[in-house]
Structure formats: C-alpha cells, structure tokens
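Numbering (the UniProt record's numbering), first residue to last: 4 to 507. Glycine included, each C-beta is placed from N, C-alpha and C at the ideal position. Model, not experiment: these values are computed from the prediction.
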Amino acid sequence: KIIILDFGSQTTQLIGRRVRELDTYCEIVPYNKFPKEDPSVKGVILSGSPFSVYDDAAFKVNMEEIWGKYPILGICYGAQFISYVNGGKVEPAGTREYGRAHLASLDSGNILLKGVRNNSQVWMSHGDTITAIPDNFKIIASTDKVAIAAYEVTDAKVWGVQFHPEVFHTEDGTQILKNFVVDVCGCKQDWSPASFIESTVAELKAQLGDDKVVLGLSGGVDSSVAAVLLHKAIGSNLTCIFVDHGMLRKNEYANVLNDYNCLGLNVIGVDASEKFFSELAGVSEPEAKRKIIGKGFIDVFDVEAHKIKDVKWLAQGTIYPDCIESLSITGTVIKSHHNVGGLPEKMNLKLCEPLRLLFKDEVRRVGRELGMPEHLIKRHPFPGPGLAVRILGDITPEKVRILQDADDIFIQGLRDWDLYDQVWQAGVILLPVQSVGVMGDERTYERAVALRAVTSTDAMTADWAHLPYEFLGKVSNDIINKVKGVNRVTYDISSKPPATIEWE
Ligand code: XMP
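Take a look at the structure:
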C-alpha cells in the first residue's frame, strides 16, 4: 500500500481517492504518524498544506524515517518541504499562482512523467515557490511561470511536483500518480468490488459467527450497502432499524422500507415522528435542533435494539472519510453532524464497520456488484437531521408538510429533466420570511423558499449548480401553483466555502 502523509491540505483526500481509483490501496495518516515497521508499505506521498515550509507552526516530518527506505512523491508543500530540508530555497512567489498553467520543457524520459504530454494543463494552488534546488536535485518540468514545476532527486527514489496531480484540472495527473504508484512503487492494481465482497464476507463470517447484529438504516447509500453486505454474510442474524423522525422527504419512509424489503433485509420501521415534533416544538437555534434530533434518535434506536434478543454487535455504515484522523488546524466546529458518534458509546455493543476502509465511490461500486438498484446507489446525500435543518426557525408539522411538497416537486423535476445525476445534492429550504404576492385578484402574504443544488465531489467544497433557467422557471411555477402557503421561490447561488451546503 501507499501511505499518504497529510499536512492538512484540502486535497489530501482527493490524492487518496485517485490512488484508489487505480485499484490500488492507500491510507491517509497525519504527517507525524507514519506507520513504522509495516511491511506492506511500498511508497509515500507527502500532501500539500495551508502552511509555508518556513512558518514556525508548519508541520514538519523527520524525513530520515522514510528517506531511502521508500519511494517518495511530494506534492506542492510536500515538494517544497523535501527541497527545503535538503538545503533548497522556498520563497513567497512574486505572483501567487492559482489555477491553470501548462507544462513545458518536460523530461519525458523520466519515469514519473512517462506518457505525460508537454504543454498539458496542470492545476496550481500555491503562494510559495521553490526558487533553488539542492545539487543532487534535477528539474524535470517547468511551466511558463515557475522554473521548478517538478524535480527528481538523482541519488534517491524521490520526486516533487509543485502542481496538484490529484485534481481533475490537471489533465495528465492520473498518469503521473499511476507512474509513481504502479511503476515506481510496484503496487498491484488488483482491487475490485467482487474481490472486496468476497474477502469481506469471509471476514464478517469469521468475526461474527452466530452472533446477532443490529444496524441503523438511514436510506442513504452507505448504511444500505453495509446492510446488504452483512446480510450476505450472516443472513437473518442481521436486524435493521429504520427510524422515521418525521423530517424525511415526502413518502420517503414508505419508499425506503419497500426498497429494503425487496432486498430481503429484515427491517423494523419505527415511526417516532410525534416524539420528535413535541421535543422540537418552539426550538429554533440550529445546534439545539441538531442535538435534540441526535439524542432522540439514539434513544429510539436503543429502545428498539433492546427488544431484539441477545444482540452483540452494532453495525454502522461508517466510510473511510469519517475515519481519517483529521489534523485540527483551526479547531472550530462548524456544525455537529449527528450520525458520527454517540450511538456506540450508549449501546455498549461491539462495533462492526465493514465499509470503514472505503471511499464513497468504492461503496457505490460494491453496491452495484451486490445487485442493488441504481436509485438507491445514486441517491443524493441527505442530512441525518433531515428537513429540520432546512426549515429555518422552529419546526411544526405544517412547515414540514409545505417543505416536503416543495422539495418533492424540485427533486422529481430534476429526475424528469435528467439533471438529478448531474448534481451532488439538492433540496429546498423553507425561509422564515413572508412576502407579498398576487394570485388572481387576491393579495397573498405567504412564505418564500430557496432552491439549493450543488455540484461537488466530497461535500468539503461545492459550487452552486448552474441549472438551466427554463428548468428553474418551471419548478418555481409548479411550486407556487401547487404548494399552498408558498408564493415566492429563490435560487441559492452561493458556493462552499464561504457558504455551506445546508443553511443550518
Ligand atoms: P454542509 O452544510 O456542512 O454539509 O456543507 C456537508 C454535507 O453534510 C450533510 N450534512 C449532514 N449529514 N448529519 C449528516 O449525516 C448531519 O447532521 C449533517 N449536516 C449536514 C449535508 O447534507 C451535506 O451533504
């Protein structure tokens, strides 16, 4: 496997995903936690970082641990760091370089650059630049703005690239990563969903034996795939619980239960909406709403799980991005996501997380291989607290009804116009605003809603989706005509950052 040392870059996870897309295995660890004495490590990638190498607070790694023992590829900060600690010079760039650049003077005979086209586009994102390299370093590519865009170390298996091969906009980036991972490090490209299923089912059988397992389903792809995988391994010893907190999408509870039944899963559906509505009554502070729902969910689940006899394990659809140990750079909690944590502590059961090493795209591939229907696999992410975080202000059943109806028109519209799969996530927000309108000869004074649709690859950053005006016009018209209580529709055109995907 490849170890990716994380120095806190926004794109570290993307490096991991790209390496996995080569059907090779990698793990992301904090820069100071290199796994010593792990014979399966075949190479190391150093990520980018928000710091400058000469900052006092910069993350530094002892290169002696890895130098000469493994092939190394430094990306952006990683490249600057390797050069800097070997005596090279790194300085603030005269002009900060963000965005497109083109490779020039490429040493195409270099193993790292095999198959990479001279003049191909690369993506830069750096405020510092390497201005001088040590004597035993050799430049293997430049761009029009930076002389040292890529280097190799002549007497060690070490390379550095100033640009980001992991991002989509670096045209031959995947080729560069493949050259490093496969040709230099010798990793085999032998991961497949079928082999993952085969080995995981065998491991689950050995781990669980005849034990009983309980799993919380959310309707989302991760918990659903985890359930089907476990069902394949232990059959009826798996019981799934699906809690309706009353803030799901229109008809979602019934639809999802039906899907699960068709998959042969043993599912207990619990309609707990009244409990949640009464606990949420009058609460409008976003974090308070999240906390009530998170706690209520755990309580309901706990009660239901205890009705099943002799349960020993709690299974969860935790995936790799939830497990990567993150470097705390600012320490600020933006939003407390309710499905990460809480439940295992309360339940006192052993934890089983069969997807904990997979990225989302790998989970989807596994789901397809397991024969799950495409609409389950491609379902947009949906927040654990559901529509509660899309109703600004306090929550009432009437507001949920209005939002469900508006949301249903938007989502169904996206499907009808073949736009659903082009966006990462979409939904409607009910605003705490009333405005004046006119319907027929009547004055109206009703609510405003915002449509929200974004494109993204990991929800860490997102852009607002540039949906066609005709489509937005049609949805707006339908919502105002069909949803009683709404007389105005707006479209949210903010990206993340600085906004977030949800409004609360
Ligand atoms: P934000 O709003 O932080 O959302 O940009 C990023 C992604 O996370 C989802 N989200 C949640 N998911 N529990 C969840 O399971 C939560 O409490 C929660 N809050 C936000 C959001 O829908 C988006 O996909």
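Residue i versus residue j: straight-line alpha-carbon distance, rounded
| i | j | result |
| --- | --- | --- |
| S202 | S281 | 46 angstroms |
| D325 | V32 | 13 angstroms |
| G130 | T146 | 15 angstroms |
| R404 | L433 | 11 angstroms |
| E277 | E348 | 26 angstroms |
| M350 | D305 | 7 angstroms |
| S221 | R382 | 12 angstroms |
| H341 | F245 | With a pLDDT of only 48 at H341, under the threshold of 50, the placement of this residue in the model should not be trusted, and no figure is reported. |
| L268 | G176 | 42 angstroms |
| R367 | T399 | 35 angstroms |
| Y73 | D9 | 17 angstroms |
| F279 | V303 | 10 angstroms |
| G90 | Q178 | 29 angstroms |
| Q210 | M375 | 24 angstroms |
| F84 | W420 | 49 angstroms |
| Y87 | T242 | 55 angstroms |
| K315 | F171 | 44 angstroms |
| A409 | P501 | 26 angstroms |
| Q407 | F474 | 19 angstroms |
| I311 | F199 | 30 angstroms |
| R393 | Q165 | 41 angstroms |
Residue i CB to nearest heavy atom of the ligand XMP below 7 angstroms
| i | result |
| --- | --- |
| E505 | yes |
| G320 | no |
| A429 | no |
| G387 | yes |
| K215 | no |
| K294 | no |
| P384 | yes |
| K381 | no |
| V392 | yes |
| K499 | yes |
| A462 | yes |
Buried versus exposed, by CB contacts within 10 Å (16 or more), residue i
| i | result |
| --- | --- |
| G77 | buried |
| Y154 | buried |
| I5 | buried |
| G299 | buried |
| V343 | Only weak support exists for where V343 lies, its pLDDT of 47 falling under 50; the value from the coordinates is given anyway. By the 10 Å Cβ count, V343 comes out exposed. |
| H248 | buried |
| V441 | exposed |
Contained alpha helix (DSSP H) runs [length at least 4] in the segment 393-467, N- to C-terminal order:
400-419
Starting from the N-terminal side, write out each stretch of the alpha helix (DSSP H) that is 4 residues or longer and does not extend beyond the segment 146-194.
Counting only runs that start and end inside the segment 146-194, the alpha helix (DSSP H) elements of at least 4 residues fall at 176-181.
Within the segment 66-95, ranges of the beta strand (DSSP E) (whole runs, at least 3 residues):
75-78
Counting only runs that start and end within the segment 216-261, where is the alpha helix (DSSP H) found for 4 or more residues in a row?
224-237
Please specify which runs of the beta strand (DSSP E), each continuous and at least 3 residues long, are wholly inside the segment 300-327, giving them in chain order.
314-318
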